[in-house]
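Read the structure below first, then the notes.
Chains as they are written, first to last, in full-length UniProt numbering: chain A, 1 to 387; chain B, 1 to 387.
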């Protein structure tokens, strides 16, 4: 019962199979690709030719002559044609980053500024200038940007940023205010940072990425896939209840994690105006600063205990400002996790600082476009052939 | 570029496609099946024939003559051959249930007993007697049991029940103590009850099922799929922290949800020895019983607030003993959810009582085997052809 499958569907699938094999295991010769994909050599040659023409693959020099092998040209992902743009609006800065298909950083810029309470239009006009600069630089070196993703700190759905407490924004549609020649998608900063950490950081397949800023968000990666819940709003770690009778939170509740470990609570408890001052105070052993970090770490430990029980976490990555504060936070967090999870789970989860720090969100944002191209190269190949 | 796909792989896939189409949309004629699957009529006829021979599909009487149609025999899932066995060890009872492929209940029995502190061997010997009775009755009516799943209240992995606090068990391998002529798998009661609720209850595709017993577990269904975490231990709602300085919990922590809303805490606060006494007291308006339910409901509301923030829940189903207590618990739970989630999420999640009550776990357990047969009918068809 051999089945005729539609030509274009099968071709799209095979293009993805070949590109994926090179992405995971390249450089590979055409012969090796035929071996790993199970496709015939002539099919592989045609597909590789199309992918090279579309600028998704590139040929390298002849392979080394092995004992039994013969020299052959190998193919690798091409970093010379397709690129993607990651953007971020943070309370303290705007950032842009361009990645090529190999994950190479082709542009990265960060503009420090205080976006607190700024009007969306003003911030997005500045972001547009930064993005335009990134696109110009990218075009100058011959790359074509396939798309852009914008990371924002707050719950997102259908292109709407529902609320960004750090910025004082509600129900903003950033993409509609940005005038860029590429499509711009919106996504949550913690989710994108978690993907950035997965693709370009530790490479672990299961972890919770915690983004500590004024708000505290989290992105859960399970078996290499982002868990985003029924409506994309999962990971609101900042409003996990630490103490039901605790301080009033801006969400209307009491004793949410943010009221203990959010940046504003940390700075107030440490008696310092800004994060760099807190780090300086911690480094010189200031008692108030140390106590502030200890209390925040304990609250974070309680909230993460609840998260581990609900989500079954083996690994927790502390990102955002928690990366900088890791030396002072990690002890109290680990103590609480050990005391509360040791009996039930045997080993408490592994706790680490993010390897990417503040770059995680733009890496995840740009990476999202890169991975979309890798998963569906057919449209690129078709476009290249029609051009 | 037409591709030859291996005969047996394609056939297995097509058997699944045809069986799935009938399962979702039957009764269907062969012509209608060809239409919805895109397969040729002769391929469909061959596949349907094999599925009928294997006892997975059955033919019904001729279809009504439509305006333009012609009479045709329709096929439906067959309830006459394949069955599955769901088993449950609860603290208060043992239960067994047999479902046929259509979801029809072919056997159901529950033996009330106090399993608290009983030796695993004793309980499993009794369960084996009940399961043997279920299998005998099933064979008597001509059904063949494809497999069994056993629901237990506690974290499970690789056939090991790590701990069942309700029973006082640790590291038990129940399947090794059961002597049954069918393969027995082990799974967590709250996860299975969530699947039972999904397949045979409300039919919603996204919800958290909360299982209130002596321990409190939860099963999360996202887009019709169970979320079980990196190692299968997700959903330990009972150890979500409600008050970090609260009562000592058997997990070694303090102020976990179970210390406020577990069955033992509820009974102690209500001043009654057992659940039926609590319900009686509530029905006559006893002040201590009402206060106990109010406090438990508020604690449940706090823990569920954390769960909603982390998991993005639109719907929460209260099961286990919480189903019976729903009239008294739901008010306090909803009040806390409204107060804490209204601002962030707009609408708080919908709260309902389980429609299946104590039957959810055995329905989910038996349903797991049914759905496995529906997802991979090829092995059944092959076996029927070899017999």
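We put the beta carbon where it would ideally sit given N, CA and C, even for glycine.
- Mind checking whether residue 135(B) and residue 145(B) have CB atoms under 7 Å apart? Position 135 of the second chain, counted from the start, is the residue given in the question as residue 135(B). Position 145 of the second chain, counted from the start, is the residue given in the question as residue 145(B). A contact, by the Cβ cut-off of 7 Å.
- Could you tell me which of 31(A), 44(A) and 29(A) sits nearest to residue 17(A), measuring between CA atoms? The residue labelled residue 17(A) in the question sits at position 17 within the first chain. Of the listed residues, the one whose Cα sits closest to residue 17(A) is 44(A).
- Task: May I ask whether a heavy atom of the ligand PLP can be found less than 6 Å away from the beta carbon of residue 39(A)?
- Result: Summarising the ligand content, the structure contains no ligands, and the ligand PLP is consequently not present.
- Message: Counting only beta-carbon separations shorter than 7 Å, does residue 293(B) have a partner in chain A?
- Response: Taking the second chain and counting its residues from 1, the one referred to as residue 293(B) is at position 293. Not one chain A Cβ lies under 7 Å of residue 293(B).
- Are the stretch 285 to 292 of chain B and the stretch 300 to 307 of chain B touching, with three or more C-beta to C-beta distances below 8 Å? no
- Specify the secondary structure class of residue 370(A) as computed by DSSP and reduced to three states. As a working note, residue 370(A) is residue 370 in the first chain. Of the three classes helix, strand and coil, the one that applies to residue 370(A) here is helix, per DSSP.
- Message: Does any residue of chain A have a CB that is nearer than 7 Å to the CB of residue 252(B)?
- Response: Counting from one through the second chain, the residue named residue 252(B) turns up at place 252. It does; some Cβ of chain A falls within 7 Å.
- Around the Cβ of residue 8(A), are there at least 16 other Cβ atoms within 10 angstroms (buried) or fewer (exposed)? Within the first chain, the letter at position 8 stands for residue 8(A). Answer is exposed; the Cβ neighbour count stays below 16.
- Going along the chain, which residues of the stretch 309 to 323 of chain B sit with their C-beta nearer than 9 Å to a C-beta in chain A? For the stretch 309 to 323 of chain B, the residues whose beta carbon sits under 9 Å from a beta carbon of chain A are, in order, 309, 310, 311, 312, 313, 314 and 315.
- Query: Does DSSP put residue 286(B) in a helix, in a strand, or in coil?
  - Reply: Your numbering for residue 286(B) matches position 286 in the second chain. Coil at residue 286(B), not helix or strand.
- Using a threshold of 7 Å, state whether the C-beta atoms of residue 360(B) and residue 197(B) are closer than that. By 1-based counting over the second chain, the position of residue 360(B) is 360. By 1-based counting over the second chain, the position of residue 197(B) is 197. Yes; because the gap between Cβ atoms is below 7 Å, this pair is in contact.
- Got a sec: is the Cβ-Cβ distance from residue 296(B) to anything in chain A below 7 Å? On the second chain, residue 296(B) is found 296 positions in, with the first residue counted as 1. Taking CB atoms only, residue 296(B) has no neighbour in chain A less than 7 Å away.
- Message: Between residue 240(A) and chain B, is the shortest Cβ-Cβ distance under 7 Å, so that the two count as touching?
- Response: Within the first chain, the letter at position 240 stands for residue 240(A). Answer yes: the Cβ-Cβ gap between residue 240(A) and chain B drops below 7 Å somewhere.
- Query: How about residue 343(A) and residue 256(B): do their beta carbons lie closer than 7 Å?
  - Reply: In the first chain, the residue the question calls residue 343(A) occupies position 343. In the second chain, the residue the question calls residue 256(B) occupies position 256. Cβ distance not < 7 Å, so residue 343(A) and residue 256(B) don't count as in contact.
- Item | Length-filtered (3 minimum) beta strand (DSSP E) runs lying within the stretch 207 to 233 of chain A | 207 to 212, 216 to 222 and 225 to 227
- Task: Tell me, please, whether the CB atom of residue 70(A) is closer than 7 Å to any CB atom in chain B?
- Result: For this step, residue 70(A) is matched to residue 70 along the first chain. Low confidence applies to residue 70(A): its pLDDT is 44, below 50, so where it sits in the model is not reliable, and the reading given next is rough at best. No, because no Cβ of chain B sits closer than 7 Å to the Cβ of residue 70(A).
- Identify the continuous alpha helix (DSSP H) that holds residue 123(A) and give its terminal residues. Position 123 of the first chain, counted from the start, is the residue given in the question as residue 123(A). Start and end: 120 to 140.
- Just the chain A side, please: which residues come within less than 7 Å of residue 306(B) by C-beta, in chain order? As a working mapping, residue 306(B) is identified with position 306 in the second chain. Chain A residues near residue 306(B): 240, 241 and 306.
- Query: Do residue 185(A) and residue 153(A) have their C-beta atoms closer together than 7 Å?
  - Reply: Locating residue 185(A) in the first chain gives position 185, counting from the first residue. Locating residue 153(A) in the first chain gives position 153, counting from the first residue. No, these two residues do not count as a Cβ contact at 7 Å.
- Have a look at residue 384(A) and residue 73(A) and give me their C-alpha separation to the nearest angstrom. Residue mapping note: residue 384(A) aligns to position 384 of the first chain, counting from 1. Residue mapping note: residue 73(A) aligns to position 73 of the first chain, counting from 1. In this model, residue 384(A) and residue 73(A) are separated by some 23 Å (Cα to Cα).
- DSSP beta-bridge partners of residue 169(B): Indexing the second chain from 1 puts residue 169(B) at position 169. Bridge partners of residue 169(B): 164(B).
- When you compare each of 61(A), 34(A), 324(A) and 12(A) to residue 212(A) by their alpha carbons, which one comes out closest? Counting from one through the first chain, the residue named residue 212(A) turns up at place 212. The candidate whose alpha carbon is nearest that of residue 212(A) is 324(A).
- How big is the Cα-Cα spacing for residue 349(A) and residue 314(B)? On the first chain, residue 349(A) is found 349 positions in, with the first residue counted as 1. On the second chain, residue 314(B) is found 314 positions in, with the first residue counted as 1. The alpha-carbon atoms of residue 349(A) and residue 314(B) are separated by roughly 28 Å.
- Starting from residue 438(B), follow the beta strand (DSSP E) in both directions and report where the run begins and ends. There is simply no residue 438(B) to check, as chain B begins at 1 and stops at 387 in what is shown.
- Query: Going by the beta-carbon positions, is the gap between residue 242(A) and residue 260(A) smaller than 7 Å?
  - Reply: Within the first chain, numbered from 1, the residue matching residue 242(A) stands at position 242. Within the first chain, numbered from 1, the residue matching residue 260(A) stands at position 260. It is a contact, given that the beta carbons lie within the stated cut-off.
- Item | Below-7 Å beta-carbon distance, residue 33(A) vs any chain B residue | Here residue 33(A) refers to the residue found at position 33 of the first chain. No, its Cβ sits nowhere closer than 7 Å to a Cβ of chain B.
- Task: Reducing DSSP to helix, strand and coil, say where residue 68(B) ends up.
- Result: Within the second chain, residue 68(B) is the residue found at index 68, counting from 1. Any reading at residue 68(B) needs caution, since the residue's pLDDT is 44, under 50, leaving its predicted position unreliable; the model's value is listed next. Under the three-state reduction of DSSP output, residue 68(B) falls in the coil class, being neither helix nor strand.
- Compile a chain-ordered list of the residues in the stretch 164 to 192 of chain A whose CB is closer than 7 Å to at least one CB of chain B. none
- Identify, in the order they occur along the chain, each residue of the same chain with its Cβ nearer than 8 Å to the Cβ of residue 339(B), setting aside the five sequence neighbours on each side. Translated into the one-based positions of the second chain, residue 339(B) becomes position 339. Within the same chain, residue 339(B) has no close Cβ partners at all.
- Message: With a threshold of 7 Å between beta carbons, is residue 265(B) in contact with chain A?
- Response: Reading the second chain from its first residue, position 265 is the one you call residue 265(B). Judged by the 7 Å Cβ criterion, residue 265(B) is not in contact with chain A.
- Item | Limits of the beta strand (DSSP E) - the one that residue 84(B) falls within | Your numbering for residue 84(B) matches position 84 in the second chain. Counting along the chain, the beta strand (DSSP E) containing residue 84(B) begins and ends at 82 to 89.
- Whose C-alpha, out of 79(A), 47(A) and 139(A), is nearest the C-alpha of residue 60(A)? As a first step, residue 60(A) is located in the first chain; it is residue number 60 there, counting from the start. Nearest of 79(A), 47(A) and 139(A) to residue 60(A), Cα basis: 79(A).
- beta strand (DSSP E) containing residue 341(A): first to last residue? By 1-based counting over the first chain, the position of residue 341(A) is 341. Run containing residue 341(A): none in the beta strand (DSSP E); it sits in the alpha helix (DSSP H), 326 to 345.
- Item | Same chain only: Cβ atoms within 6 Å of residue 178(B), ignoring 5 sequence neighbours per side | Here residue 178(B) refers to the residue found at position 178 of the second chain. The answer, listed in chain order, is 124, 128 and 184.
- Query: Taking all protein chains shown into account, do 16 or more other C-beta atoms lie within 10 angstroms of the C-beta of residue 151(A), making it buried, or fewer, making it exposed?
  - Reply: As a first step, residue 151(A) is located in the first chain; it is residue number 151 there, counting from the start. Buried: at least 16 other Cβ atoms inside 10 Å.
- With distances taken Cα to Cα, identify the nearest neighbour of residue 103(A) among 362(A), 379(A), 380(A) and 381(A). Counted from its first residue, the first chain places residue 103(A) at position 103. The candidate whose alpha carbon is nearest that of residue 103(A) is 362(A).
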